[in-house]
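> Take any residue in the sequence shown, note its place counting from 1, add 7, and you have its number in our numbering. Glycine is no exception: its CB is placed at the ideal position from the N, C-alpha and C atoms.
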Amino acid sequence: MTNNLRADNPLRHLPPVHRLLAQPQVQDLLQRLPPGLVTAAARTVLDAARAAIIAADGKPDTFSGVNPLFEETLTQQVVEEAVRRAAPTLQRAINATGIVLHTGLGRARLAPAAVEALNEVARGHSMLEIDRETGKRGSRRDHARRLLCELTGAQDAAIVNNCAGAVFLAINALAQGREVIISRGELVEIGGAFRMPDIIRAGGATLVEVGTTNRTRLSDYAQAITGQTGLILRCHPSNFALIGFVEETATADMAQLGRERGIPVVDDQGSGALIAVAGQKNTLQESIAAGADLITASADKLLGGPQAGLILGRTDLIDRIVRHPLARALRCDKLTLAALEATLLLYRDPKRAMSEIPTLRYLSRTEPELRRMATRLRTRLRIRLPAERFQVDLIRESSQVGGGSLPGERLPTVCVALRSKAGFPSAEEIMAQLRRNRPAIFARIRDEMILLDPRTLETEEMREIEEALLSLSGSLHRETESRLVR
Ligand SMILES: *Cc1c(COP(=O)(O)O)cnc(C)c1O
């Protein structure tokens with residue numbers, strides 16, 4: 008380590024912050040960005056440079072402070088860092104992971120019709136809570152309500168912020184201070200803070216576990232019912248699957264039991280499919296037909312709409328839920344309602360839904376179609392990227408549905424696999440560059456290869472990936488050249 012700064016120590020050549028700030032490009036930037044932000048950017052760049060020098064242990068061939076380009080490079084980095092910091096953090100991204108419902112990347116991508124509806128309502132005033140006939144105050148509840156009933160066969164419907172909110176509200180409104188019966192095999196965690204036992208507790212109910220992890224019979228539920236029972240809950244495991252010696256009670260049987268004993272049965276269906284795709288077993292219509300009193304589902308999973316929680320089922324129970332004070336706290340906004348209604352309208356014509364709702368379109372892409380897409384991208388990358396540096400191939404892989412939907416369901420796909428021939432830059436380094444691109448690009452890495460899965464991509468996005476890789480290859484080229492000059 009180089010702590011005592013000898014004359015030849017490159018740390019000595021690190022310019023002070025004020026000298027970087029005095030550079031003309033940085034001065035230009037200071038005309039339009041807050042000084043605090045630019046100074047913080049300069050500090051970050053200097054810290055990183057210092058760390059790089061120390062890591063290289065002062066070896067001049069890897070990082071030379073004497074290099075006349077050094078200060079210029081740092082200045083350029085300050086400009087980039089400051090511009091990056093000034094940009095909004097929630098930006099569009101490109102999903103080349105093949106995970107159709109990637110929660111980190113915002114789950115379902117909206118259909119053009121939904122985007123249009125959302126835009127329209129955002130731009131102007133809207134009929135959110137007004138009655139067109141009387142001109143008097145109406146209810147936001149009415150949007151999409153009849154449509155949901157029509158499409159699912161439910162008696163009534165309510166829409167809240169998300170599915171976790173829907174489950175919480177159902178428990179709190181129907182079983183507060185009472186017991187909630189649930190199978191041991193369904194006490195699941197669905198990402199982050201959504202753990203069924205916690206939701207039941209937070210909803211003010213007492214958890215009553217029945218059966219075992221792998222088998223729960225109707226008699227287990229029946230025996231657990233007491234005068235204190237508020238509701239019977241079924242939760243679809245969503246993100247994992249039990250195989251082997253497994254038995255679960257059919258929802259229809261649970262519903263029958265609930266009716267006989269006067270206990271509401273709530274089916275947290277989660278994935279919310281209106282059309283069976285990619286091996287999905289349960290559509291919302293089928294869940295309704297099975298007879299549960301209430302069904303809860305996400306609108307931004309297999310339904311392919313905006314983030315929302317759907318509550319479908321008996322009018323009297325839904326009434327109790329929407330009159331609950333927390334319903335106001337969990338309600339969703341006009342933009343969501345506009346996008347949801349527009350998405351649902353597409354389902355009136357299932358063919359149209361399949362072709363216009365990206366989630367459904369991506370899930371139903373066939374292997375030959377994906378191979379054609381991947382081949383086009385591979386060909387263009389082979390033409391445009393330097394062959395001595397990158398190897399570009401096709402590779403058979405599988406995509407995932409994601410979003411805690413259809414665990415274990417593997418969809419065959421064909422990916423473009425990109426790797427550096429010399430092992431430099433590493434796949435991690437390429438990935439980091441792609442994430443820094445605007446729009447940021449996300450892909451999978453396997454065996455030192457970047458895998459670009461066309462399943463979740465549109466044609467324009469394949470072009471954007473191509474451009475990003477081209478510019479990455481260009482900057483690598485310049486970097487190598489400047490190393491040679493030194
Ligand atoms: C995904 C899921 C949830 C949570 O849904 P959000 O809309 O993300 O709140 C709850 N229950 C089940 C069964 C799920 O699959």
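Determine the extent of the alpha helix (DSSP H) in which R426 is found, giving its start and end residues.
Looking at the DSSP string, R426 is not in any alpha helix (DSSP H); the run it does join, the beta strand (DSSP E), is 417–427.
> Along the chain, which unbroken stretches of the alpha helix (DSSP H) at least 4 residues long are found entirely within the region 107–148?
List check, alpha helix (DSSP H) in window: 119–130.
> Between Q83 and the rest of its own chain, which residues show a CB-CB distance below 8 Å, the 5 nearest in sequence each way excluded?
Counting only Cβ-Cβ distances below 8 Å, and skipping sequence neighbours, we find Q32.
> On the DSSP letters alone, give me the boundaries of the beta strand (DSSP E) that F449 sits inside.
First-last of the beta strand (DSSP E) with F449: 447–449.
> Where are the alpha helix (DSSP H) runs, 4 residues long or more, that stay fully inside the region 307–348, in chain order?
322–330, 332–336, all fully within the region 307–348.
> Is there at least one non-hydrogen atom of ligand 1 closer than 7 Å to the beta-carbon of K308?
Yes, ligand 1 has a heavy atom inside 7 Å of this Cβ.
> Would L154 pass as a contact of I282 if the rule is Cβ separation under 8 Å?
Contact: no.
> Can you tell me whether DSSP reads I206 as helix, strand or coil?
It is helical.
> Under the three-state reduction of DSSP, which class applies to N444: helix, strand or coil?
Coil.
> With burial defined as no fewer than 16 other Cβ atoms inside 10 Å of the residue's Cβ, what is the status of S190: buried or exposed?
So S190 ends up on the buried side.
> Could you give the residue range of the beta strand (DSSP E) that holds N102?
Unbroken beta strand (DSSP E) run through N102: 100–102.
> Indicate whether the contact test is met: 3 or more Cβ pairs, each with one atom in the region 394–406 and one in the region 415–427, closer than 8 Å.
Touching, yes.
> What is the DSSP secondary structure of A55, reduced to helix, strand or coil?
Correct three-state label for A55: helix.
> Mapping the DSSP letters down to three states, classify D260 as helix, strand or coil.
DSSP places D260 in helix when its eight states are reduced to three.
> Which residues in the same chain as P41 place their Cβ atom closer than 7 Å to its Cβ, once the five residues preceding and following it in sequence are excluded?
Around P41: no qualifying Cβ.
> Going by DSSP in three states, F77 sits in which element: helix, strand or coil?
Note: F77 maps to helix in three-state DSSP.
> Should R191 be flagged as near chain D, meaning a C-beta pair shorter than 8 Å?
No chain D appears in the structure shown, which is made up of a single protein chain.
> In the structure shown, what three-state DSSP assignment does D68 receive?
Annotation note: pLDDT 48 at D68 (below 50); position unreliable, coordinate value reported separately. Note: D68 maps to coil in three-state DSSP.
> Could you check what DSSP says for S480 in three-state terms: helix, strand or coil?
The answer is helix: DSSP assigns S480 an H, G or I state.
> Whole angstroms is fine: what's the gap from E436's alpha carbon to R116's?
Roughly 28 Å between the two C-alpha positions.
> Using 8 Å as the threshold, is the C-beta distance between A299 and G320 below it?
Result yes, Cβ atoms of A299 and G320 sit closer than 8 Å.
> Give the straight-line distance between the Cα atoms of N221 and I270, rounded to the nearest whole angstrom.
Their Cα atoms are separated by approximately 24 Å.
> Taking a contact to mean a Cβ-Cβ separation below 8 Å, would you say P461 touches M380 in this structure?
Yes, these two residues count as a Cβ contact at 8 Å.
> Along the chain, which unbroken stretches of the alpha helix (DSSP H) at least 4 residues long are found entirely within the region 163–220?
The region 163–220 contains these whole alpha helix (DSSP H) runs: 170–182, 203–209.
> Using a Cβ-Cβ cutoff of less than 6 Å, which residues in the same chain neighbour R417 once the five nearest sequence positions on both sides are dropped?
If we look at R417 and ignore the five residues flanking it on each side, its Cβ neighbours are S405.
> Answer yes or no: the CB of H109 versus the heavy atoms of ligand 1, is any distance below 7 Å?
Because no heavy atom of ligand 1 lies under 7 Å away, the Cβ of H109 does not count as near it: no.
> Roughly how many angstroms lie between the CA atoms of Q38 and A63, to the nearest whole one?
Going from the Cα of Q38 to the Cα of A63 covers about 36 Å.
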